[in-house]
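As numbered in this note's numbering, residues 59 to 360 make up the sequence shown, in order.
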Amino acid sequence: MKRWQADLALGIIALIWGGTFVIVQNALDAVGPLTFVAFRFALASLVLIALFARRLRSISRIEILAGGLIGVWLAGGYTFQTIGLQSTTTAKTGFITGLSVVIVPVLSTVLLRRPPGRGAVIGIIAATVGLGFLSLDRNLRIQSGDLWVLACALMFALHIVTVAHFSPHFDSIRLAIAQIVAVMVLATGSAAIFETPTIKLPLATWAAIAFMGVVATALVFSVQVYVQRFTTPTHTALLFSLEPVFAAFFGWWLANEQLGLKELTGCGLILAGMIVAELGGAAKGDIPVLEPDAVGTEPVHV
Numbered sequence: 059m060k061r062w063q064a065d066l067a068l069g070i071i072a073l074i075w076g077g078t079f080v081i082v083q084n085a086l087d088a089v090g091p092l093t094f095v096a097f098r099f100a101l102a103s104l105v106l107i108a109l110f111a112r113r114l115r116s117i118s119r120i121e122i123l124a125g126g127l128i129g130v131w132l133a134g135g136y137t138f139q140t141i142g143l144q145s146t147t148t149a150k151t152g153f154i155t156g157l158s159v160v161i162v163p164v165l166s167t168v169l170l171r172r173p174p175g176r177g178a179v180i181g182i183i184a185a186t187v188g189l190g191f192l193s194l195d196r197n198l199r200i201q202s203g204d205l206w207v208l209a210c211a212l213m214f215a216l217h218i219v220t221v222a223h224f225s226p227h228f229d230s231i232r233l234a235i236a237q238i239v240a241v242m243v244l245a246t247g248s249a250a251i252f253e254t255p256t257i258k259l260p261l262a263t264w265a266a267i268a269f270m271g272v273v274a275t276a277l278v279f280s281v282q283v284y285v286q287r288f289t290t291p292t293h294t295a296l297l298f299s300l301e302p303v304f305a306a307f308f309g310w311w312l313a314n315e316q317l318g319l320k321e322l323t324g325c326g327l328i329l330a331g332m333i334v335a336e337l338g339g340a341a342k343g344d345i346p347v348l349e350p351d352a353v354g355t356e357p358v359h360v
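Here it is as C-alpha cells:
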C-alpha cells in the first residue's frame with residue numbers, strides 16, 4: 059500500500075468517527091446510554107473474536123488482566139461521552155473529547171515521570187483557554203453535558219497512558235480485544251443495575267448500534283491496525299485531529315447545530331492545541347498516544 063492510500067484510509071476513519079457523534083445522539087432518544095454502549099461493544103467483541111480467533115488461542119492471563127484494566131478507562135470514557143451527548147452538542151463533544159490528547163502529557167508527568175516538551179506545554183495552554191471559550195457561559199458556568207464529556211476526556215487520557223505502559227509488552231490485537239470485551243462486561247453490568255435494558259428498540263436504533271459496533275469499532279479498528287504500517291505517526295496525528303472538525307460539520311449539516319464566534323474561537327484553540335502538542339510532543343520523550351475511538355493498541359500520535 060502506498061502512503062497516500064494509507065493516509066486516505068485514515069482520513070476516512072476520522073470522517074467516520076466524526077459522524078458517529080450525531081448517530082449516537084439520535085439513538086439516545088430510544089435507549090439508555092449504558093445499554094447503548096453495552097450493545098455496541100457486544101457486537102464489536104463478536105466481530106473481532108470471529109476475525110482474530112486464531113490469534114486469541116494463545117492469549118495469556120496477564121494479557122486478559124492488562125486488557126481488563128485498560129478497558130476500565132475505555133468503558134468510563136465511552137459511558138461519560140454517551141451520557142454527555144444527551145445534554146450537549148455533537149460539536150462540543152468532539153472538541154472536548156479531543157482534549158484527552160493534551161491531558162496525556164500532564165498525566166504522563168504525574169504517573170510516569172515523563173515531563174512534556176515545550177510544544178506539549180503550549181498545546182495544553184491553548185487547549186485549556188479554548189475549553190473556556192467553548193464551554194463557559196456568560197456567568198462562567200459550564201453545562202452539565204460538557205462536564206460529562208470533560209470526564210470522558212480524562213478517562214480517555216488515562217486509557218492512553220495505560221495503553222502506552224502495557225502495549226510494548228503484549229500482542230496488540232489480543233490486548234485490544236481484551237479491553238473491548240472488558241468494556242462490554244462493565245457496560246452490561248452497569249446497564250443491568252442503573253437502567254432497564256431491552257431488545258425492543260426501534261429499527262433505526264438497532265441500525266445505529268450495528269453501525270457503531272461493526273463499522274465504527276470492529277471494522278475501523280481492523281483497518282487502522284493494517285494501514286498504519288504504511289504511513290508516519292505525524293501523518294496519523296494530523297489526520298485524526300480532523301475528527302472534531304468532522305463532528306462539528308455533521309452536527310451543523312444533520313442536526314442544525316450552530317456555533318457562535320466564542321465557541322468557534324474555542325474550537326480553533328483546542329484544535330491548534332491538539333496539533334501543537336502532538337507535533338512538539340516528542341521533544342521530551344512524551345509517550346505515544348492512541349486516538350480514543352481507535353480502540354486498538356497500536357502507537358498512534360494524535
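Where a beta carbon is used, it is the ideal one built from N, C-alpha and C, also for glycine. Values in this document were obtained by computation on a predicted structure and should not be read as measured data.
Contact defined as beta carbons within less than 8 Å: I believe residue i pairs with residue j. What is the distance between those atoms, to the nearest angstrom?
i: Phe224; j: Ala124; result: 5 Å
i: Met332; j: Thr78; result: That belief does not hold up - the Cβ atoms of Met332 and Thr78 are roughly 18 Å apart, past 8 Å.
i: Pro302; j: Gly156; result: 5 Å
i: Val334; j: Ala184; result: 7 Å
i: Lys150; j: Val221; result: Their Cβ separation, rounded to whole angstroms, is 26 Å, which puts Lys150 and Val221 out of contact at 8 Å.
For the alpha helix (DSSP H) that contains residue i, what are its first and last residues?
i: Ile257; result: That residue, Ile257, is in no alpha helix (DSSP H); it is neither H nor E in DSSP.
i: Gly190; result: Arg176 to Ser193
i: Met362; result: Summary: the structure shown does not reach residue 362, with the chain confined to residues 59 through 360, and so no result is reported for it.
i: Gly142; result: Arg119 to Gly142
i: Asn84; result: Arg61 to Ala85
i: Thr151; result: Thr148 to Thr155
i: Phe402; result: Residue 402 cannot be examined here, being either before or after the span of the chain that is shown, 59 to 360.
i: Pro91; result: Pro91 to Leu109
i: Leu277; result: Element bounds for Leu277: n/a, residue is neither H nor E.
i: Ser166; result: Ser158 to Leu169
Using the rule of at least 16 other Cβ atoms within 10 Å of the residue's Cβ for burial, across every protein chain shown, is residue i buried or exposed?
i: Met242; result: buried
i: Leu192; result: buried
i: His359; result: Note that His359 scores 31 on pLDDT, short of 50, meaning its location in the model is unreliable; the coordinates nonetheless yield the value given after this. Under this definition His359 is a buried residue.
i: Lys60; result: exposed
i: Asp204; result: buried
i: Arg171; result: exposed
i: Phe252; result: exposed
i: Pro260; result: exposed
When you compare only the Cα positions, how much space is there between residue i and residue j?
i: Ile70; j: Ala305; result: 13 Å
i: Ser158; j: Leu169; result: 15 Å
i: Met130; j: Lys320; result: The sequence as given places Val at residue 130; Met does not occur at that position. Val130 and Lys320: Cα-Cα distance of roughly 35 Å.
i: Val353; j: Phe99; result: Confidence is the limiting factor: at Val353 the pLDDT is only 42, short of 50, which leaves the residue's position unreliable, though a coordinate-based value still follows. Roughly 11 Å between the two C-alpha positions.
i: Gln316; j: Leu322; result: 10 Å
i: Ile182; j: Thr146; result: 23 Å
i: Ala72; j: Val164; result: 25 Å
i: Phe288; j: Leu296; result: 15 Å
i: Pro255; j: Gly309; result: 28 Å
i: Val162; j: Ala262; result: 36 Å
i: Ile267; j: Thr148; result: 17 Å
i: Leu244; j: Pro173; result: 33 Å
i: Ile74; j: Asp65; result: 14 Å
i: Val82; j: Leu92; result: 12 Å
What I want to know is whether the C-beta of residue i ends up closer than 7 Å to one or more non-hydrogen atoms of the ligand NAD.
i: Leu208; result: In terms of ligand content, the structure shown is empty, and the ligand NAD therefore cannot be addressed.
With three or more beta-carbon pairs closer than 8 Å as the criterion, would you say the region 118 to 135 touches the region 220 to 234? With a cut-off of 8 Å, the region 220 to 234 and the region 118 to 135 count as touching, because enough Cβ pairs lie within range.
Given 8 Å, three or more beta-carbon pairs between the region 105 to 114 and the region 276 to 289: Touching, yes.
State whether the region 137 to 151 contacts the region 204 to 212, with contact taken as three or more CB pairs (one from each stretch) at a distance under 8 Å. yes
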